[in-house]
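Colleague:
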Amino acid sequence: MTAEKFFKSKFGVITAALIATFLWGSAFPAIKLSYTELNIGADDYDKQLLFAGYRFLLAGIMIFLFFTLFKQSLKLRKETLVPLFQLGFVQTFLQYLLFYIGLSYSTGMQGAVIAGTASFFQILFAHFLYADDGLTIRKWMGIALGFGGVFVVNLPKVGGDFQFGIGEVLLLIAMMASAYGNIMARERSGTMDVSYLTAYQMLFGSVGLIIAGGVSAGFVPFEFDWYTAFLLLYLAFLSAAGFVLWNNVMKYNKVGKVSMYLFLVPVFGVILSAMFLDEVMHYTILIGLALVTVGIIIVNRQKENNKEEKKLQPTG
0 MTAEKFFKSK FGVITAALIA TFLWGSAFPA IKLSYTELNI GADDYDKQLL
50 FAGYRFLLAG IMIFLFFTLF KQSLKLRKET LVPLFQLGFV QTFLQYLLFY
100 IGLSYSTGMQ GAVIAGTASF FQILFAHFLY ADDGLTIRKW MGIALGFGGV
150 FVVNLPKVGG DFQFGIGEVL LLIAMMASAY GNIMARERSG TMDVSYLTAY
200 QMLFGSVGLI IAGGVSAGFV PFEFDWYTAF LLLYLAFLSA AGFVLWNNVM
250 KYNKVGKVSM YLFLVPVFGV ILSAMFLDEV MHYTILIGLA LVTVGIIIVN
300 RQKENNKEEK KLQPTG
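The opening residue of the sequence shown carries number 0 in numbering that gives the first Met the number 0; numbering runs sequentially from there.
1. Distance check for residue 245 and residue 97, CA to CA, integer angstroms please.
2. Can you tell me whether residue 3 is helix, strand or coil according to DSSP?
3. May I ask you to check if the CB of residue 283 is nearer than 7 Å to at least one heavy atom of the ligand MG?
4. Decide if residue 226 is buried, meaning its Cβ has at least 16 other Cβ atoms within 10 Å, or exposed.
5. Do residue 85 and residue 173 come within 8 Å of each other at the CB atom, strictly closer than that value?
6. Among 270, 238, 298, whose alpha-carbon lies nearest the alpha-carbon of residue 106?
7. Buried or exposed: residue 136, going by 16 or more other Cβ atoms within 10 Å of its Cβ?
8. Just to confirm before moving on: does the CB-CB distance between residue 87 and residue 204 stay below 8 Å?
9. Going by DSSP in three states, residue 191 sits in which element: helix, strand or coil?
10. Got a sec? Which residues, its chain only, sit under 6 Å from residue 291 by beta carbon, not counting five neighbours each side?
11. Taking only runs that begin and end inside the region 165-248, name each unbroken alpha helix (DSSP H) of 4 or more residues, in chain order.
12. Under the three-state reduction of DSSP, which class applies to residue 45: helix, strand or coil?
13. Buried or exposed: where does residue 317 fall if 16 or more other Cβ atoms within 10 Å of its Cβ makes it buried?
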């Protein structure tokens, strides 16, 4: 069975989407555990960026090694340099600069629920970038529910204060970068192979993160043992495998058919954060998660009479 047939089949879509969203959801507790074990504090911005750079450098290398084993050439082509640098800056450097710093000030559960807003930002961007992808009442309802869920997650617990601070703001902006990066990647996948595009945007973005963090922290400030090395390798693997799987699902299927699976990212993130970080699953977390999940389902639900999804065409 060819890759195209697999990723177009119902079994292939479900399998790839489940694996990708589970991997992405597991990133929240893995990053928080790495911070604890490597003594990376909330104010250690340089070390956070350096650790992120390590992760995506290794992820890019993993993709290269995997496809080299199958004799697939990923030799860099001169004409792709500018679009790859642009994508690497937005989807790897900018997104994860904001994400890693934001998550250090937030809990794994809060970060997981906020991650669900990437779908809503993507819809908003598409409204302004594409002439035939306007916002409908149904989409507005879904977006309102989703952001309402983020608000509920950060409501004060008993005796506490409202918790929407710098961490949550940075995570929201990171999801904006993620959404715009997804649109950029989808447009560029028309002229570049998915594995080629994913590997180089990670490598280029990782270099920026390593330089940004390493200048201040030193380029090798961490003392890794087998456990922290495993966490780093796992984070690199989930990035490499998750992005390659999801980008192939997006390439071979209609957007509306597969986007709904993204609601599983905050679901897996919340569950795994509760399991591995011993975070208390307050009722506000459950209500917020439910609102974000329902919102994502609503905005991605296809009308019964909409037999063909229109292809997105750039305006102007």
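We put the beta carbon where it would ideally sit given N, CA and C, even for glycine.
Modeller: Quick look at the numbers:
1. 22 Å
2. Helix, per DSSP.
3. Because no ligand of any kind appears in the structure shown, any question about the ligand MG cannot be addressed here.
4. exposed
5. With contacts defined as CB atoms closer than 8 Å, residue 173 and residue 85 fail to qualify as a contacting pair.
6. 270
7. exposed
8. With contacts defined as CB atoms closer than 8 Å, residue 87 and residue 204 qualify as a contacting pair.
9. coil
10. 112, 115, 145, 148, 265
11. Those alpha helix (DSSP H) runs which fall completely within the region 165-248 and span 4+ residues are 165-187, 193-216.
12. helix
13. Limits of the chain in this structure are 0 at one end and 315 at the other, which puts residue 317 out of reach.
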